[in-house]
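Residue numbers (numbering that gives the first Met the number 0), protein chains in the order written: chain A, 0 to 111; chain B, 0 to 111; chain C, 0 to 111; chain D, 0 to 421; chain E, 0 to 421; chain F, 0 to 421. Beta carbons: idealized from backbone N, C-alpha and C, even for Gly. Every value quoted in this text rests on a predicted model; they were computed, and no experiment measured them. Notes for the one structure printed next.
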Amino acid sequence: MRLVTAIVKPFKLDDVKNALTDLGVQGMTVSEVQGFGRQRGHTEVYRGAEYTVDFVPKARVEVVVDDADAERVVAAIVAAARTDRIGDGKVWVTPVESLTRIRTGERGSDAL
Amino acid sequence: MRLVTAIVKPFKLDDVKNALTDLGVQGMTVSEVQGFGRQRGHTEVYRGAEYTVDFVPKARVEVVVDDADAERVVAAIVAAARTDRIGDGKVWVTPVESLTRIRTGERGSDAL
Amino acid sequence: MRLVTAIVKPFKLDDVKNALTDLGVQGMTVSEVQGFGRQRGHTEVYRGAEYTVDFVPKARVEVVVDDADAERVVAAIVAAARTDRIGDGKVWVTPVESLTRIRTGERGSDAL
Amino acid sequence: MEIDAGNTAWVLTSAALVLFMTPGLAFFYGGMVRAKNVLGMLMQNVFAMGLVSVLWATVCFSLAFGDGGPLIGDLSLAGLKDLQNVTLPGYTGDFALTIPVLAFCAYQMMFAVITPALITGATADRLRFRGYATFVGLWVVLVYSPVAHWVFSPTGWLFERGALDFAGGTVVHVNAGVAALAVVLVVGRRRGWPREQMKPHSLPLTMLGTGILWFGWFGFNAGSALGANGLAAQAMVNTHLAAAAGMLGWLVAERWKDGHATTLGAASGAVAGLVAITPCAGFVGGLSPLAIGGLAGAVCFLAIQLKFRFGYDDSLDVVGVHLVGGILGSLLLAVFSDKAVNALGADGILNGGGGALLADQLVAVGATLVFSFVLSYLLAFGIERTIGLRVSADEEAEGLDMTQHAESAYAFSEVGSMGRVG
Amino acid sequence: MEIDAGNTAWVLTSAALVLFMTPGLAFFYGGMVRAKNVLGMLMQNVFAMGLVSVLWATVCFSLAFGDGGPLIGDLSLAGLKDLQNVTLPGYTGDFALTIPVLAFCAYQMMFAVITPALITGATADRLRFRGYATFVGLWVVLVYSPVAHWVFSPTGWLFERGALDFAGGTVVHVNAGVAALAVVLVVGRRRGWPREQMKPHSLPLTMLGTGILWFGWFGFNAGSALGANGLAAQAMVNTHLAAAAGMLGWLVAERWKDGHATTLGAASGAVAGLVAITPCAGFVGGLSPLAIGGLAGAVCFLAIQLKFRFGYDDSLDVVGVHLVGGILGSLLLAVFSDKAVNALGADGILNGGGGALLADQLVAVGATLVFSFVLSYLLAFGIERTIGLRVSADEEAEGLDMTQHAESAYAFSEVGSMGRVG
Amino acid sequence: MEIDAGNTAWVLTSAALVLFMTPGLAFFYGGMVRAKNVLGMLMQNVFAMGLVSVLWATVCFSLAFGDGGPLIGDLSLAGLKDLQNVTLPGYTGDFALTIPVLAFCAYQMMFAVITPALITGATADRLRFRGYATFVGLWVVLVYSPVAHWVFSPTGWLFERGALDFAGGTVVHVNAGVAALAVVLVVGRRRGWPREQMKPHSLPLTMLGTGILWFGWFGFNAGSALGANGLAAQAMVNTHLAAAAGMLGWLVAERWKDGHATTLGAASGAVAGLVAITPCAGFVGGLSPLAIGGLAGAVCFLAIQLKFRFGYDDSLDVVGVHLVGGILGSLLLAVFSDKAVNALGADGILNGGGGALLADQLVAVGATLVFSFVLSYLLAFGIERTIGLRVSADEEAEGLDMTQHAESAYAFSEVGSMGRVG
Ligand SMILES: Nc1ncnc2c1ncn2[C@@H]1O[C@H](COP(=O)(O)OP(=O)(O)O)[C@@H](O)[C@H]1O
Ligand SMILES: Nc1ncnc2c1ncn2[C@@H]1O[C@H](COP(=O)(O)OP(=O)(O)O)[C@@H](O)[C@H]1O
Ligand SMILES: Nc1ncnc2c1ncn2[C@@H]1O[C@H](COP(=O)(O)OP(=O)(O)O)[C@@H](O)[C@H]1O
């Protein structure tokens, strides 16, 4: 199986979630992250002292999928998260050797 | 080596931690995540407006282990995190090419 | 490509970020995590009741890099995050099958 | 008539209580917005404490209580010129002050501060700071001061006509409520509303604001007796009971409609009750505050649903609570008013006063609605076209805190707040 | 005796201060619970401001201060029937009021509001809202009103007997504290207690509550002089010094036992000192408040450990602080009381008064303990068996905020609070 | 002269308001520090409410207002010995009290509490609790009490000389501000300052503190009239207008320098204006508070940049705001003072009083600066060398909350706060 990890803009998360459910993906795991990249951070001022924050809030989406679905999932995420502006994020795919559903102990695709 | 990643119910985290330490696992990394899946979210009401929250708080556990231990670790997590109710979560295993302990620079199993 | 994941002490994050940018790394993703390991947690007291907290706040850094750069990146992180005290953390490397830049759809190294 | 220390002590205390309401309002509203806009909200309210106070001392107090005609005061008191020795026009005979004019001026100043601040709830998350500042300054001079003169000053035309407003049902709540509607119509909806979820980022902060508002409202209403006497005590009892009944009224209504009694509902209902009792506080007695407050709680709960029906984004329900609650209270006063409670008042319908008072109340409410709506709309429109009153789409997405004030409200985690100085 | 404006100003101010204590208590408790239960806690307290106030106006004030016998008032004042012209039974001669009866009624109302609210700390995280609402309503009528009559009304049997309680040591603290114990015994422990960790989710919120409580307590105690005079000043000094000494007493005790002086300890000790000085505030002088407060701080710190010994889950230590502190203060009064401070009081043991006062205090404390415990237990038991007073295991795990009120307290991150409307 | 109930009501109210300022200060400062140090900050402030109050009752009140010479009082009033019957030295004739001495004692006690608390902002994030506690105790006895005697007591040498300080410009702000500088020089900078970013962890908490401080300051300044009269009203108006103008002054200055009007700037400017008006509140009139406050806002904004120039880590700008603002206000008083406002005052330069008052003010400021700086430095130095005043590098990195108090401020997520009960 494959693990698709995507870093997207937080306000795009809902679109990504919907795109994936439309594909029939049944579940995903999301977390809050801070991104560093071409998209610069911003500057804050407190009592005349300037603070530069290099990190930008992003959402991290993890989806375990069958090997066959990986490419479609990536494409769906790219399509849904895209704003054509710097900072849209990345998607990467890594191999998964086994997946287990805790509730039932099912393995592999059945655990999805 | 292997990286075992588990998504579990937050209140089960302590049990998982204890199960792993009983197995002799020396360390793990935990993070807060939001889960989407068969377990539905909930509805909130603010001044008469209904808000549907699709995500459920989960805990994400990462453990790097020797190849030999991966299966036992997965089994231990499944046993400890199980409540037999929807939303118990998943465990997946991915390959790790190298592990380094920052403090000493040790590699591989020695870094555990 | 490779995904380098590092668990470091939060106050070392800035140094790690700078070390990586010096190496020419253009981006990374950071998240807040709780670590469990040799470095023990601490004890809190509320109205005479002692609470033991086993987890220590850590920062998790993820960097996708070209295969060729993986080792140099790991070394740079180790050098930057090291304080020679228990709890400095770990770095591990996992294989990445594909990387896509959402904004442009570029794949592989071009997506970095 | 000479100064009474007891009355002065109570009015000074009340002035302090009313001042405290503006930060209270800031927290009440601030807790309801998203975390990226909370400082913008707090700033809009706190800034009113600065700008409005300066304008009050320089011109507004004189415009509101100076010796002009029935429509507006004059500039004779501008800059607080020797208030030690002056007697305010109309404040003679039954209305003679037993407190220093400066104490009265300070007390009224706090009303002028909080009234425009009330508007900020309706326009949450989308006002440009510079445009907002301009609006507030002009509004308090051109809208608040005249209306305060009409209703509060014994020389004002509505006061002389016999309209009653003990502590600001029309001057404060109807006035700010309808102005809020006008500004909302000019600046439009928040992007994503009503589809996108914009839930309160900190209800405990909102509850803090609620507690401060309830506490301060005793100064607002009971202080309007301008003395420490039976009338002040009556006003305090009425204020508290209306808040209590308002809470219960709202909770019952929402439990019946949505199946839940919510914390935010309890807070909102209490405020609705407080708004509605404001004009009535010193004119009614017995259990009427329970009727007035309870009705206000239920009616305002239903009223806030209208924005979805008609599609105006009254973000934190200023129209639904302050405009509707203010009108309701001003009219219910004509029902429950009782001369046995306040000889300077009038008898309402239930006490055999007939409809005379109701007519006066309708005139007062109507005049305030028209005048305030028209001027507020023109002001907002003019500012939007010149300085700009609404932020850009990007600024709105990034949030007011960052874009208007270069700050962020919270930094709980080391990781979240990394960066370097300079 | 006629109305004095200065006295009225002070009592009105004090009423406002006491009202402010209930939100203060809500934050004091709310900060100590887990984030999933904070709204449930705030709601329980704020709701008391609504329901209890309405009941007070309709029946309780009359039951407590109306013209009944030594055991309970009557309904002659129900609905606040023309309080302008009435003289309260017993409030003649030395006890004649110099303030409007309505001001006294408002002031006492705030006491009735906060007393049942105190109970919520003991039952944190596990009460069903509907059952709680029922309990509070019945409790204030059936338990609070009679006890207030016994002790506060000059026609009450404990008052006549000579028992002293300046501002509510028995009526408020012993009464609420023992009721808390009763309800805890009915509803049982939180799941996981004491094994599982349930640490405070926001100590700054708790410190805010502490600040508001300390501030409001001046109205609670010094306001009970019912005038602005030397006695009120003495009560204020005593109140402040007892809070200060309570803080130090607690900190010393915990530093000695656990090795740390904690922020929560400072807050808890101050409250313990304030509880203990409440009955004494207008009867003692000199440095006795330091002794009373300091003792209370240390003793209450030790007392809160008892719940672990005996296994009752007094979650936020209402029993350990209010019951123990209230009893301690009521009895120490018999030691430090001084007629030189208050001619209407009595001399305690240290001032040559012998044990007479101690006997009366023991009777007052004992009567309150028995009456309040029994009725509270029966009420809680009856409600648990009918409406249900405790939430289900799943509801408890998910938290009161979501299950009782369909709300969540905080939404700091966009990711955390995603979702769609409707 | 006999007790007046109205005056007493106002002074009791003011005492309560001033007490409330210390928690307010705690939140104002607490919001500005990092999340790992917020409890340490709150604790330092709240602890002053405990320790200083006990010392005030036992010795300090007597040292400040007892019958000594021009330099210091005596111990005749130590332990608040029968204050009912005493007349305070110097408080006769024009200065005769119309309130109970105990009310005056309570009121002054609150000033003694907040003054050392002001210092904690400068030394944020690095004081060892035990060392801090020792410092505060000694400081209030050895530094605060004498200075209060010099300036406030009619028998003090600066008072007799003719120096004016209505509510504590020198006694409170210059005194605490220069002491803060001394302690900072002893303990040194926070590790990482100024390179590392240490941004405020909760500006809403800071805004809460601001609201409470503004509210309480009415008690601080208007209460210093020691009565409810025209002077108190004047002081209240001046206080409010100076806060308002201070806010605007700061915002204009920072917008011009950094291009942004910030929420923290609004709060800081209001406090700067309040500090500067403190000595002047009861001596100036008309629009002078706008000039004094506006100047203070702009000047303090510039003053806080000095720490970067000179490299002292005045962490939360106590020197820049309280020392600079206090000196500024004390000297501007010599410009704007007006006998028409207060016959017991003097005419300043603008009112034809010439430079006489300026000379007295310079002496008062100078004497306070030298005395407080030297003693504070020696105290801090001695404690650092014995008990230890600064935490270790590791403790500083881990934070005061954990290392000094074994607590953590927030636990919003279940995951973040896992663990087992020890
Ligand atoms: N090499 C990388 N490894 C891991 N995450 C990265 C990497 N490069 C970028 N990211 C993540 O992607 C986000 C967007 O990248 P950025 O360079 O800002 O814009 P874009 O992807 O449009 O070029 C960053 O905020 C970061 O979270
Ligand atoms: N395909 C997936 N990829 C990643 N995480 C998943 C996936 N499916 C489910 N999860 C995670 O597992 C959690 C539980 O899944 P859910 O379907 O709700 O229950 P169950 O695991 O019992 O079938 C989800 O909340 C989500 O965090
Ligand atoms: N087997 C593991 N898998 C994943 N993370 C680990 C593992 N062991 C340790 N960690 C992470 O590394 C951090 C440091 O480990 P620790 O044993 O405390 O110190 P050190 O790395 O110096 O031996 C831990 O807090 C945890 O976050």
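Please report how far the alpha carbon of residue 421 of chain D lies from the alpha carbon of residue 309 of chain D, in whole angstroms. Its pLDDT being 46, under 50, residue 421 of chain D is placed unreliably by the model, and nothing is read from it.
Kindly confirm or deny that the segment 9–21 of chain F and the segment 96–115 of chain E touch, where touching means at least three C-beta pairs closer than 8 Å. The segment 9–21 of chain F vs the segment 96–115 of chain E: no contact.
Between residue 31 of chain B and residue 44 of chain E, what straight-line distance do the alpha-carbon atoms span, to the nearest angstrom? For residue 31 of chain B and residue 44 of chain E, the distance between alpha carbons rounds to 31 Å.
Measuring only between beta-carbons, confirm whether residue 421 of chain E sits less than 7 Å from chain B. Its pLDDT being 46, under 50, residue 421 of chain E is placed unreliably in this model, and the value from its coordinates should be taken loosely. Yes, residue 421 of chain E counts as interfacial toward chain B.
Is residue 62 of chain C close to ligand 1? I mean its beta-carbon at under 6 Å from any heavy atom of the ligand. Residue 62 of chain C: yes, Cβ under 6 Å from ligand 1.
Below 7 Å between beta carbons: does that hold for residue 271 of chain D and residue 293 of chain D? No, Cβ-Cβ distance for residue 271 of chain D and residue 293 of chain D is not below 7 Å.
Taking 7 Å as the threshold (beta carbon to beta carbon), is residue 46 of chain B in contact with chain D? For residue 46 of chain B, the answer is yes, since a Cβ of chain D falls inside 7 Å of its Cβ.
Count the other C-beta atoms from every protein chain shown that fall within 10 angstroms of the C-beta of residue 174 of chain D, then say buried if there are 16 or more, exposed otherwise. It is buried - the Cβ of residue 174 of chain D has at least 16 other Cβ atoms within 10 Å.
Got a sec: does ligand 1 put a non-hydrogen atom nearer than 6 Å to the Cβ of residue 100 of chain C? Flag set: Cβ of residue 100 of chain C near ligand 1.
Is residue 0 of chain C close to ligand 1? I mean its beta-carbon at under 6 Å from any heavy atom of the ligand. If you check the C-beta of residue 0 of chain C against ligand 1, you find no heavy atom less than 6 Å away.
May I ask whether a heavy atom of ligand 1 can be found less than 6 Å away from the beta carbon of residue 111 of chain C? Answer for residue 111 of chain C: yes, Cβ within range of ligand 1.
Decide if residue 137 of chain E is buried, meaning its Cβ has at least 16 other Cβ atoms within 10 Å, or exposed. Residue 137 of chain E should be labelled buried.
May I ask whether a heavy atom of ligand 1 can be found less than 6 Å away from the beta carbon of residue 59 of chain C? Remark: the shortest separation between the CB of residue 59 of chain C and any heavy atom of ligand 1 does not fall under 6 Å.
Which word fits residue 287 of chain D, buried or exposed, when buried means at least 16 other C-beta atoms lie within 10 angstroms of its C-beta? Residue 287 of chain D comes out buried.
Consider the Cβ of residue 395 of chain F: report whether some Cβ of chain E lies at a distance smaller than 7 Å. It does not; no Cβ of chain E falls within 7 Å.
So, for residue 89 of chain A: in the same chain, excluding its five sequence neighbours on each side, which residues have a beta-carbon less than 8 Å away from its beta-carbon? Excluding its 5 nearest sequence neighbours in each direction, residue 89 of chain A has C-beta neighbours in its own chain below 8 Å: 5 and 6, listed in chain order.
Assuming residue 6 of chain A is part of the beta strand (DSSP E), what are its boundary residues? DSSP places residue 6 of chain A inside the beta strand (DSSP E), whose first and last residues are 1–7.
Residue 115 of chain D in three-state terms, based on DSSP: Judged by DSSP in its simplified three-state form, residue 115 of chain D adopts helix.
Using a 10 Å radius around the Cβ and a threshold of 16 neighbouring Cβ atoms, would you call residue 391 of chain E buried or exposed? Residue 391 of chain E should be labelled exposed.
Members of the segment 313–344 of chain D that neighbour chain F once the beta carbon cut-off is set at 9 Å: Residues: none.
Can you give me the C-alpha to C-alpha distance between residue 78 of chain F and residue 56 of chain F, rounded to a whole angstrom? The straight-line gap from Cα to Cα measures roughly 5 Å.
Given 6 Å as the limit, tell me if residue 104 of chain A has its C-beta closer than that to any heavy atom belonging to ligand 2. In terms of side-chain proximity, the C-beta atom of residue 104 of chain A is found no nearer than 6 Å to any non-hydrogen atom of ligand 2.
Would you say residue 214 of chain F faces chain D, with C-beta separation under 7 Å as the test? For residue 214 of chain F, the answer is yes, since a Cβ of chain D falls inside 7 Å of its Cβ.
Inter-stretch contact at 8 Å, needing at least 3 Cβ pairs: the segment 50–64 of chain E / the segment 121–140 of chain E: With a cut-off of 8 Å, the segment 121–140 of chain E and the segment 50–64 of chain E count as touching, because enough Cβ pairs lie within range.
Among F:234, F:305, F:266 and F:255, which residue has its Cα nearest to the Cα of residue 427 of chain F? Residue coverage of chain F in this structure runs from 0 to 421, which leaves residue 427 of chain F outside it and unanswerable.
Would you say the beta carbon of residue 37 of chain A comes nearer than 6 Å to a heavy atom of ligand 1? Inclusion of residue 37 of chain A in the 6 Å shell around ligand 1 follows from its C-beta lying nearer than that to a non-hydrogen atom of the ligand.
Would you mind listing the alpha helix (DSSP H) stretches within the segment 343–419 of chain D that are 4+ residues and don't spill past its ends, in chain order? Runs of the alpha helix (DSSP H) inside the segment 343–419 of chain D: 355–384, 392–397 and 399–404.
Hey, which unbroken runs of the alpha helix (DSSP H) at 4 residues or more fall wholly within the segment 166–219 of chain F? Fully enclosed alpha helix (DSSP H) runs of no fewer than 4 residues occupy 174–186 of the segment 166–219 of chain F, in order along the chain.
Listing by chain order, which chain D residues have their CB less than 7 Å from the CB of residue 42 of chain A? Listed along chain D are 405, each with a C-beta nearer than 7 Å to that of residue 42 of chain A.
In its own chain, which residues sit with a C-beta less than 7 Å from the C-beta of residue 394 of chain D, not counting the 5 before and 5 after it? Same-chain partners within the cutoff: 402.
Quick one: measure Cβ to Cβ for residue 15 of chain A and residue 76 of chain A, integer angstroms, because I've assumed they're closer than 8 Å. Correct: roughly 6 Å between the Cβ atoms.
Using CA atoms only, rank isn't needed, just tell me which of E:178, E:249 and E:281 is closest to residue 338 of chain E. Out of E:178, E:249 and E:281, the CA that lies nearest to the CA of residue 338 of chain E is found in E:281.
Comparing alpha-carbon positions, which option in E:185, E:322, E:15 and E:359 lies nearest residue 384 of chain E? The residue among E:185, E:322, E:15 and E:359 with its C-alpha nearest the C-alpha of residue 384 of chain E is E:185.
For residue 422 of chain E, which three-state DSSP category applies? Chain E is shown only over 0 to 421; residue 422 of chain E falls outside these bounds and no answer can be derived.
Under 6 Å from any heavy atom of ligand 1, does the C-beta of residue 11 of chain A make it? Not so, every heavy atom of ligand 1 lies at least 6 Å from the Cβ.
Going along chain C in order, which residues have a C-beta closer than 7 Å to the C-beta of residue 423 of chain E? Since the first residue shown for chain E is 0 and the last is 421, residue 423 of chain E is missing from the structure and cannot be characterised.
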